[in-house]
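Student: Residue numbers for the sequence shown follow my numbering, so the first one is 826 and each next one is one higher.
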Amino acid sequence: MSGKDELVRFGVSMPSELIQQFDLYISEQRYTNRSEAIRDLVRKAMLAPGRLLPDQLVAGTIVMVYDHHVSELPLVLMELQHDYHEQIISNMHVHLNHEQCLEIIAVRGRLDKLKELQEQIQVHRGVLYCELSVTYVDDDKDEHAGHTGREHEHKHGHGQEHRHQTHE
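1) Assign residue 849 to one of two classes, buried (16 or more other C-beta atoms within 10 Å of its C-beta) or exposed (fewer than that).
2) In whole angstroms, what is the alpha-carbon distance linking residue 958 and residue 836?
3) Tell me, which residues are paired with residue 918 by DSSP?
4) Roughly how many whole angstroms lie between the Cα atoms of residue 894 and residue 876?
5) Any contact between the region 852-863 and the region 907-922? By contact I mean 3 or more CB pairs, one from each, below 8 Å.
6) Measuring alpha carbon to alpha carbon, tell me which of 904, 871, 882 and 899 ends up nearest residue 937.
7) Below 8 Å, how does it come out for the region 928-947 and the region 889-903: are there three or more Cβ pairs, yes or no?
8) Determine the direct distance from the alpha carbon of residue 923 to that of residue 897, and round the result to whole angstroms.
9) Using only CA atoms, which one of 851, 864, 838 and 841 lies nearest to residue 832?
10) Distance check for residue 845 and residue 910, CA to CA, integer angstroms please.
11) Does DSSP put residue 941 in a helix, a strand or coil?
12) Where do the N-terminal and C-terminal ends of the alpha helix (DSSP H) with residue 870 fall, by residue?
13) For the candidate residues 963, 961, 941 and 962, whose alpha-carbon lies nearest to that of residue 955?
14) If you follow the alpha helix (DSSP H) that residue 852 is in, where does it begin and where does it stop?
15) Quick one: is residue 867 buried, meaning 16 or more other Cβ sit within 10 Å of its Cβ, or exposed?
Rendered as structure tokens:
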């Protein structure tokens with residue numbers, strides 16, 4: 826929330842048992858008040874992939890766990906990531922044990938393309954877990970429109986301007 830946003834007060838009614846559980850959650854998460862916790866929960870709900878439009882520009886992660894001993898699976902997953910190189914920012918590969926690998930893929934692009942990638946990963950035999958989590962929504966969808974394969978400038982609000990090559 827930027828300093829320009831107007832705060833709006835409203836009342837919320839909850840059963841006493843639920844508010845006790847919520848207060849415990851607030852304490853465990855180290856929030857200083859209920860409002861902060863509610864704001865974070867609402868932000869998270871607004872980023873649920875089902876709430877966003879398919880052409881929405883987003884960023885997030887695809888987290889997967891897979892058995893690297895399943896025949897050809899590591900090669901298939903690598904080829905799939907090459908097919909989506911325009912949406913993949915970075916990835917991290919971790920060996921959990923002798924059989925299982927954890928991979929975290931940082932992604933950015935149209936939500937429908939990111940869901941497509943996640944779905945293509947999860948259907949392979951040996952993939953034990955695969956989930957897309959959206960953590961950022963680019964509210965200025967038109968900023969990238971018409972920039973296919975061209976460089977454009979934009980600001981991130983931290984005083985630095987720089988150029989990006991877009992491939993959307």
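Ideal Cβ placement from N, Cα and C applies to all residues, glycine included.
Note that the structure is predicted; figures quoted are calculated from it, not measured.
Tutor: On the basis of the supplied data:
1) exposed
2) 30 Å
3) 928
4) Near 37 Å, if we compare the C-alpha coordinates of residue 876 and residue 894.
5) no
6) 882
7) yes
8) The alpha-carbon atoms of residue 897 and residue 923 are separated by roughly 16 Å.
9) 864
10) 47 Å
11) helix
12) 859-871
13) 941
14) 841-853
15) exposed
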